[in-house]
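Visitor: Heads up, the sequence shown is in the working numbering, so the first residue is 105 and it goes up one at a time.
By construction, the Cβ of each residue, glycine as well, lies at the ideal position given by its N, Cα and C atoms.
For reference, the structure I am asking about is given below.
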Amino acid sequence: MLIEEKRGVEEAYASATTTSDMRVVIDSERQGDAETIIAAGMSRSAAGACFMRLHGEWSRSEKPRLPTAEAIKKLADSLTFDQLAKMRIDLGLASIGNLRPSHVVAQMAAEAQAKAWYVAEVEMLLGKMKSFGSAKKYLVEHLGSWSSHPEALRKQMSVETLIWWLDKQCKVCSGTKWEVAPGSNRQNGKQCKGCRGTGEAKVPRADIGRMLANYLDDCVQIARTDIKKRLHRT
């Protein structure tokens, strides 16, 4: 399959990684998938090329859906005192540990469980992707170069940041930036409290998450630039 110059580098690379046609095209105007793969392999950032591959694999996958607000509310309404106590321990909800059982506490616990379920489903999906293991290794090694956190925690931080980077859309408003009126699908004109009107979910792990996200973006930018330069023919 031939790749038109006007097509984006990431789209071209994602397509090339799934092609069965690895012929090298001798043409001054167009490049083939084989040339794109070669260009990626010669990039200064092997990590960036790996992250691009993972993003392509993620884009082509059927992703789990976060439970709806209605489903979370039903779960919250059904929780008993014993279930809340167990969830506080299982989900590490120290922030609600000293609060008396109430609708607010139940809602917080239900939202935390929904998020934990979603993350577990995404991790299971990522585990099936060829580039996930290498991508996680790059992040863990980068984090270890300036962090003294235990390796298990570095892996957890890396996976959480990867999940956010692959799907930044706010799960509360689905990226619309606005709240939805309870019991309807209509926006109420108020900014989403989950993302404060940005449409993007909050980066996990505060400063560490932001530094890992910057590393992801920087590596991809280097790889993208290198691939584009090598494919450009004058």
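(1) Examine the ligand SAH and report whether any of its heavy atoms sits within less than 7 Å of the Cβ of N318.
(2) Find out if the Cβ-Cβ distance for the pair L266, K240 is shorter than 8 Å.
(3) By the DSSP assignment, the alpha helix (DSSP H) with K190 in it spans what residues?
(4) Using the three-state DSSP reduction, which class does N318 fall into: helix, strand or coil?
(5) Is there a C-beta anywhere in chain D that falls below 8 Å from the one on R157?
(6) Just checking, does the segment 322-331 make contact with the segment 151-166 on the three C-beta pairs under 8 Å criterion?
(7) Classify E114 as helix, strand or coil using the three-state DSSP reduction.
(8) Would you call I193 buried or exposed, if buried means 16 or more other Cβ atoms sit within 10 Å of its Cβ?
(9) For E304, list the residues DSSP reports as bridge partners.
(10) Could you check if Q295 is buried or exposed, using at least 16 other CB atoms within 10 Å of its CB as the buried criterion?
(11) So, Q273 versus V284, is the Cβ gap smaller than 8 Å?
(12) Please specify which runs of the alpha helix (DSSP H), each continuous and at least 4 residues long, are wholly inside the segment 222-297, giving them in chain order.
(13) Compare the beta carbon distance of V307 and G313 with 8 Å and say whether it is the shorter of the two.
(14) Can you say whether S249 is buried or exposed, counting buried as having 16 or more other CB atoms within 10 angstroms of its CB?
(15) Smallest Cα separation from Y222: which of P171, A214, F185 and G279?
(16) Short check: CB of R309 to CB of M146, under 8 Å?
(17) What did DSSP end up calling C154 once you bin it into helix, strand or coil?
Guide: Walking through what the data contain:
(1) The model depicted lacks the ligand SAH and carries no ligand whatsoever.
(2) yes
(3) F185 to D194
(4) helix
(5) Here chain D cannot be found, since the structure has a single protein chain.
(6) yes
(7) helix
(8) exposed
(9) Q273
(10) exposed
(11) no
(12) 236-248 and 255-270
(13) yes
(14) exposed
(15) P171
(16) no
(17) helix
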